[in-house]
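Colleague: If you count by mature numbering (1 follows the signal peptide of the UniProt record, and there is no 0), then the sequence shown holds residues -19 to -1, 1 to 509, one letter each, in order. Sending over a structure as structure tokens; questions will come in a sec.
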Amino acid sequence: MLQWVIGLLALLGVSQVDAEDPYFYYTWTVTYGTRSILRVPQQVILINDQFPGPKLEVVTNNNIVLNLINKLDQPFLLTWNGIKQRKNSWQDGVLGTNCPIPPNSNYTYKFQAKDQIGSYTYFPSTLLHKAAGGFGALNIYHRSVIPIPYGYPAGDFTLLIGDWYKTSHKTLQQSLDSGKPLPFPDGVLINGQTQSTFSGEQGKTYMFRISNVGLSTSFNFRIQGHTMKLVEVEGSHVVQNLYDSLDVHVGQSLAVLVTLNQPPKDYYIVASKDFRGPFSLQLQCCTTQTHKPRFLDPCLQLLHSNFIGQCSRWNLTSNAARPNPQGSFHYGKITPTKTIILANSASFINGKLRYTVNGVSYVNSDTPLKLADYFNIPGVFTMDSIQGLPSGGAATVATSVMPVSLHDFLEVVFQNNENTPQSWHLDGYDFWVVGFGSGQWNPHKRKTYNLVDALTRHTTQVYPNSWTAVLISMDNQGMWNLRSAAWGRQYLGQQFYLRVFDPVRSLTNEYDIPSNVLLCGKAVGFHP
């Protein structure tokens, strides 16, 4: 037996579904519990007494009916990171689409893993609950009739990587509310622990599904003495290449195959980040047994060899969730309906730190935008509160919503003029990541786009003082959250909603409001 030891180095309504697709029923209870994560007892969020929460493993097109019981002292929601929720933003689990579940209450999510495969996660979308746990893996496996572009692995392991704080989530939230950014993390966890063990047999190949579930930190991931074959990124099968290490940014997921082709002994799996401060002593202690990991200066990410790995190419000849090849939709031949440029910035509004998109810092309404839109409730949001270009004016706050039409084809440029890397996520969709570059984007940069075999994914990084361009087919009607995946930035306003709309109400475009919908704010008293 070849044993692998993970040594973590702290460098730092009922959906409309096909009747033949099976249903799976779950009951999850959310509670507080005490765990000694970094050798210090602290309050964490448990799901069914588990930290991290239970792993959801389903097959493409399975229907999930999940009753979530909230036993916390605060309202709570889970969101399903990367699940497209086709025509069903009612189940997205964010404050713009759902009322939070009150304490000692429950809500039943009903959704389908429609036409998807891959490695995904779920986590709390309310307040700073994510800093206390409540996250877990959601793996969608292919149907038996769909071939995969690699041999079946001997085992399938899930690794949830994340930065971690000894400080409670309520104290972290108070710090953000006072206008302070999140401090440096106290450590790094994989699967909720500082050290775990995975075992395998020499000569066999294993799959590792790696997701960054942390609040703000990007990681470099490597396995001592072994190379990793990248095979899947957030539901896309990729052209397979070997890597010594890979960067995994906040909110991102990927899957690699590793063959245990070295002599049997303990090998370290390392998730590292160049934190500043009190981590050097632990680093010196922990790295004496293995090769010293490479630490990444975020400002040099564009020059890092693994940047190539982040731009991996789509495997156009393989199948994913359906029999047709992944490249059958020729995105590069479609003229975009419009171009949207989104610039993030750190600002001070009324003397407190806020993060903005095009000069607007998002504030939550007590009425979910989706309910306000459905019931035509005025005064909750306006669709001229954020523009599709950076404003250059003074920062403001608003419950910002940007309108787009169903079947628009968007070019979206994320422009990062800050010295810190960014990570952007869009609920309900994946998008083609067609271009990266340093400095300011301009129309001439389109000549550098990959219009043939760019990956589709739901979360993309944007390097410091750089830009990232994506193309999105707006084929999923609803109210969808576009946000920073760095949760402190999201909490302080770096987000907004896309209202994807068709004036003709039809179940072909979007499912009707669920019969068990929770009502809150100005929606109280309305009837589904």
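C-beta: ideal position from N, C-alpha, C; glycine also.
#1: So is the beta-carbon of residue 380 under 7 Å away from any non-hydrogen atom of the ligand ATP?
#2: In whole angstroms, what separates the C-alpha of residue 471 from that of residue 297?
#3: With 16 other CB atoms within 10 Å as the buried threshold, where does residue 455 fall?
#4: Under the assumption that residue 475 contacts residue 336 (Cβ atoms under 8 Å), give the Cβ distance between them as a whole number of angstroms.
#5: Buried or exposed: residue 441, going by 16 or more other Cβ atoms within 10 Å of its Cβ?
#6: Please classify residue 236: does DSSP put it in a helix, a strand, or coil?
#7: Is the region 9 to 17 touching the region 26 to 43 in the sense that three or more CB pairs, one from each, lie closer than 8 Å?
#8: Quick one: Cα of residue 151 to Cα of residue 162, how far?
#9: With contact counted as at least three CB pairs below 8 Å, one residue from each stretch, are the region 431 to 445 and the region 375 to 386 in contact?
#10: Thinking just about the alpha-carbon of each residue, which of 36, 319 and 204 is nearest to the one in residue 510?
#11: Could you pull out every residue in the same chain whose Cβ sits closer than 7 Å to the Cβ of residue 68, ignoring the five residues on either side in sequence?
#12: Kindly give me the distance between the Cβ atoms of residue 421 and residue 396, rounded to whole angstroms, as I take these residues to be in contact under 8 Å.
#13: Pull up the CB-CB distance for residue 478 and residue 350, whole angstroms please, since I reckon it's below 8 Å.
#14: Straight-line CA distance for residue 98 to residue 120?
#15: What span of residues does the alpha helix (DSSP H) with residue 356 cover, start to end?
#16: Of the choices 201, 434 and 353, whose alpha-carbon is the least far from that of residue 306?
#17: With distances taken between CB atoms, is the gap from residue 195 to residue 231 smaller than 8 Å?
#18: Check the C-beta distance from residue 191 over to residue 140 and give it rounded, since I have them as a contact under 8 Å.
#19: Just to check my reading of the structure: residue 411 and residue 215 have Cβ atoms closer than 8 Å, yes? What is that Cβ distance to the nearest angstrom?
#20: Using beta carbons (cut-off 8 Å, strictly below), is residue 85 in contact with chain C?
#21: Leaving out five residues before and five after residue 107 in sequence, what residues of the same chain have Cβ atoms less than 8 Å from its Cβ?
#22: Report all residues from its chain with a CB closer than 8 Å to the CB of residue 344; omit the five preceding and five following residues, and keep chain order.
#23: Using the DSSP secondary-structure output, state which residues sit across from residue 455 in a beta bridge.
#24: Taking DSSP as the reference, what is the three-state secondary structure of residue 347?
#25: Does DSSP put residue 145 in a helix, in a strand, or in coil?
#26: According to DSSP, residue 117 sits in a beta bridge with which residue or residues?
#27: Which class does residue 309 belong to by DSSP, given the choice of helix, strand or coil?
#28: Check each candidate in 480, 452 and 226 and name the one with the smallest Cα separation from residue 70.
#29: Relative to the C-alpha of residue 432, which residue among 446, 417, 423 and 387 is closest?
#30: From the DSSP output, in three-state form, read off residue 324 for me.
#31: What whole-angstrom Cβ distance do residue 41 and residue 124 have, given they're in contact under 8 Å?
#32: For residue 372, I'd like the list of residues in its chain whose CB is within less than 7 Å of its CB, leaving aside the five on either flank, ordered along the chain.
#33: If we call anything under 8 Å between Cβ atoms a contact, is residue 104 one with residue 60?
#34: Short check: CB of residue 79 to CB of residue 48, under 8 Å?
#35: Using three-state DSSP, classify residue 158 as helix, strand or coil.
Modeller: On the basis of the coordinates in this document:
#1: As for the ligand ATP, it is missing from this structure, which has no ligand bound.
#2: For the purposes of this step, residue 471 is taken as the residue at position 490 of the sequence shown. For the purposes of this step, residue 297 is taken as the residue at position 316 of the sequence shown. Straight-line Cα distance between these residues: approximately 34 Å.
#3: Counting from 1 along the sequence shown, the entry for residue 455 is found at position 474. The residue in question, residue 455, is buried, as its Cβ has 16 or more Cβ neighbours within 10 Å.
#4: Here residue 475 is taken as the residue at index 494 of the sequence shown, counted from 1. Here residue 336 is taken as the residue at index 355 of the sequence shown, counted from 1. Going by Cβ atoms, the distance from residue 475 to residue 336 rounds to 4 Å, so yes, they are a contact pair.
#5: Residue numbering aside, residue 441 sits at position 460 when the sequence shown is read from its first letter. Per the 10 Å Cβ criterion, buried.
#6: Taking the first residue of the sequence shown as 1, we reach residue 236 at position 255. Three-state DSSP puts residue 236 in a strand.
#7: yes
#8: The count along the sequence shown starts at 1 and reaches residue 151 at position 170. The count along the sequence shown starts at 1 and reaches residue 162 at position 181. Rounded to whole angstroms, residue 151 to residue 162 spans 14 Å at the Cα level.
#9: no
#10: The displayed coordinates of the chain run from -19 to 509. Any statement about residue 510 would go beyond what the structure contains.
#11: Residue 68 sits at position 87 when you count from the first residue of the sequence shown. Answer for residue 68: 457, 458, 490, 491 and 492, listed in chain order.
#12: Your numbering for residue 421 matches position 440 in the sequence shown. Your numbering for residue 396 matches position 415 in the sequence shown. Rounded, the Cβ-Cβ distance is 7 Å, consistent with contact.
#13: By 1-based counting over the sequence shown, the position of residue 478 is 497. By 1-based counting over the sequence shown, the position of residue 350 is 369. Rounded, the Cβ-Cβ distance is 6 Å, consistent with contact.
#14: Position 117 of the sequence shown, counted from the start, is the residue given in the question as residue 98. Position 139 of the sequence shown, counted from the start, is the residue given in the question as residue 120. Cα to Cα, residue 98 sits roughly 8 Å from residue 120.
#15: Counting from one through the sequence shown, the residue named residue 356 turns up at place 375. That run of the alpha helix (DSSP H) goes 350 to 356.
#16: Counted from its first residue, the sequence shown places residue 306 at position 325. With distances taken between Cα atoms, residue 306 lies closest to 434.
#17: Taking the first residue of the sequence shown as 1, we reach residue 195 at position 214. Taking the first residue of the sequence shown as 1, we reach residue 231 at position 250. Cβ atoms of residue 195 and residue 231: closer than 8 Å.
#18: Here residue 191 refers to the residue found at position 210 of the sequence shown. Here residue 140 refers to the residue found at position 159 of the sequence shown. So it is a contact: roughly 5 Å between Cβ atoms.
#19: The residue you call residue 411 lines up with position 430 of the sequence shown. The residue you call residue 215 lines up with position 234 of the sequence shown. Going by Cβ atoms, the distance from residue 411 to residue 215 rounds to 7 Å, so yes, they are a contact pair.
#20: The structure shown contains no chain C, having only a single protein chain.
#21: By 1-based counting over the sequence shown, the position of residue 107 is 126. Result list for residue 107: 55, 56, 57, 58, 76 and 81, in chain order.
#22: On the sequence shown, residue 344 is found 363 positions in, with the first residue counted as 1. Around residue 344: 378, 379, 380 and 474.
#23: Along the sequence shown, one-based indexing puts residue 455 at 474. Answer is none; residue 455 lacks a bridge partner.
#24: Locating residue 347 in the sequence shown gives position 366, counting from the first residue. Here residue 347 sits in coil by DSSP.
#25: Position 164 of the sequence shown holds residue 145. DSSP places residue 145 in strand when its eight states are reduced to three.
#26: Taking the first residue of the sequence shown as 1, we reach residue 117 at position 136. DSSP output for residue 117 lists 103 as bridge partner(s).
#27: Taking the sequence shown and counting its residues from 1, one reaches residue 309 at position 328. Correct three-state label for residue 309: helix.
#28: Numbered from 1 along the sequence shown, position 89 holds the residue referred to as residue 70. Among 480, 452 and 226, the Cα nearest to that of residue 70 belongs to 480.
#29: For the purposes of this step, residue 432 is taken as residue 451 along the sequence shown, with counting starting at 1. It is 417.
#30: On the sequence shown, position 343 is the one that residue 324 refers to. Residue 324: strand per DSSP, three-state reduction.
#31: Residue numbering aside, residue 41 sits at position 60 when the sequence shown is read from its first letter. Residue numbering aside, residue 124 sits at position 143 when the sequence shown is read from its first letter. Going by Cβ atoms, the distance from residue 41 to residue 124 rounds to 5 Å, so yes, they are a contact pair.
#32: Numbered from 1 along the sequence shown, position 391 holds the residue referred to as residue 372. Hits under 7 Å: 339 and 340.
#33: For the purposes of this step, residue 104 is taken as residue 123 along the sequence shown, with counting starting at 1. For the purposes of this step, residue 60 is taken as residue 79 along the sequence shown, with counting starting at 1. Contact flag set, yes.
#34: The count along the sequence shown starts at 1 and reaches residue 79 at position 98. The count along the sequence shown starts at 1 and reaches residue 48 at position 67. No, the pair does not count as a contact, with Cβ atoms beyond the cut-off.
#35: Position 177 of the sequence shown holds residue 158. Three-state DSSP puts residue 158 in a helix.
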